[in-house]
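Report on one structure; see the data block that follows.
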Amino acid sequence: MDLQNLFMSSKPFHICIFFFIFFTLAKHTLSLDTKFQACMPRTCGNGLNISYPFWIPHEQESFCGLPNFEVICRDRNSFFSISNVEYIIKDIFYANHSLLIANAAAYKDTCPAPLHNISIHRTQLDISSDNSDFSIFYNCTSLPDYPIFEIECASNRSHLYSFAVFHKEALEQNYSSGSCQSLVDVPVDVQSGVNFTSLLKMNHTEIMKMGFLLNWSGHDCSSCQISGGRCGFDNDKFVCFCQGGPHLKICNDGNFVGRFIIIIE
293 MDLQNLFMSS KPFHICIFFF IFFTLAKHTL SLDTKFQACM PRTCGNGLNI SYPFWIPHEQ
353 ESFCGLPNFE VICRDRNSFF SISNVEYIIK DIFYANHSLL IANAAAYKDT CPAPLHNISI
413 HRTQLDISSD NSDFSIFYNC TSLPDYPIFE IECASNRSHL YSFAVFHKEA LEQNYSSGSC
473 QSLVDVPVDV QSGVNFTSLL KMNHTEIMKM GFLLNWSGHD CSSCQISGGR CGFDNDKFVC
533 FCQGGPHLKI CNDGNFVGRF IIIIE
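When you line the sequence shown up against the working numbering, it's residues 293 to 557, in that order.
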């Protein structure tokens, strides 16, 4: 067989291989573009922007955010659950990886009184050091000589008292928490401009509605977003979803996830 016949006989085979790889890559690229579209930022509740690391079920895919960072949109509010306790998201500060949340019970219960400290064990969340400690003492045998927020609705019997205070360390210098059945610490973000005198005019429900700050840990998404991408996960690995497919960190960085080099001879 001469060279011309050899080339002609092998040409259909090369053409088949080319089109097989081409359509395989085309299908792969379309699926990646779908992920880029799936992670489009959404609004929730009263217009709160929801994007990585948060995601909205049925509106965004789970690969668009971190596990357990689902946000539920309901009744013009954005809800976020931690250890089966529901919180309302008041604001999200993407630049410094923090969010302001408040216990949903403060908005719907007649006597919101958390019975346990907030549990963030095995989550990617930390309680911000910018919060103040608001401590609730339940069913105490006496009231302290100290500025307190009485919580009459949380007392079991008429001769027991429940109350809350800021800075329990100062209280415990002259008062024994052992006279109370239980103690729960509630972090509160006391905003600048609110002085202690103003706080004392509030009740404990109003204090709880102020909310508290949480920080989240994880990959920084800002570089990806600046480059026009949207953050998410591919096979449990952080990626930057771009219009042309996922990249490792930013769009057009040359590190295309799943890139193939085709040489047809």
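Idealized CB from N, CA, C, for every residue including glycine.
- Residue burial annotation: Q483 is exposed, with fewer than 16 other C-beta atoms found within 10 angstroms of its C-beta.
- With respect to the C-alpha of A394, the residue from N388, A387, P404 and Y386 having the closest C-alpha is P404.
- Boundaries for F361: no alpha helix (DSSP H) harbours it, and the DSSP string shows neither H nor E there.
- In this structure, DSSP gives T415 a state outside helix and strand, which the three-state scheme calls coil.
- With respect to the C-alpha of Q517, the residue from T489, I440, C365 and L540 having the closest C-alpha is L540.
- Exposed is the label assigned to D422, since fewer than 16 other Cβ atoms lie within 10 Å of its Cβ.
- The criterion of a C-beta distance shorter than 9 Å is satisfied by S469 and F429.
- Looking at E464, I410, P345 and F355, the one whose alpha-carbon comes closest to that of D526 is F355.
- Following the DSSP letters along the chain, one finds H496 inside the alpha helix (DSSP H) bounded by residues H496 to K501.
- Per the C-alpha coordinates, the member of F372, E378 and V377 positioned closest to I384 is F372.
- No Cβ-Cβ contact shorter than 9 Å links K400 with L392.
- When Cβ pairs closer than 8 Å are counted between the two stretches, the segment 410 to 426 is seen not to touch the segment 442 to 449, the count staying below three.
- Comparing alpha carbon positions, the residue from Y379, N338 and R334 closest to G357 is R334.
- Leaving aside the five residues that flank C534 on each side, the residues in its chain whose CB is nearer than 7 Å to its CB run, in chain order, F328, G520, G521 and C543.
- In the three-state reduction of the DSSP assignment, Y430 falls in the strand class, which pools E and B.
- For I393, the enclosing beta strand (DSSP E) stretches over residues S390 to N395.
- Around the beta carbon of A456, 16 or more other beta carbons lie within 10 angstroms, which makes this residue buried.
- For the pair P349 and M332, the Cα-to-Cα distance works out to about 13 Å.
- In the DSSP assignment, Q473 falls within the beta strand (DSSP E) that extends over C472 to V480.
- With respect to the 9 Å criterion, G524 and Q416 are not classified as neighbours on the basis of their beta carbons.
- Taking 8 Å as the upper bound for CB-CB distance, F441 and N369 are not in contact here, some 25 Å apart.
- For the options S454, V486 and A462, the alpha carbon positioned closest to that of S471 is the one of S454.
- Inclusion of S411 and I380 in the CB contact set at 9 Å is not warranted, their separation being larger than that value.
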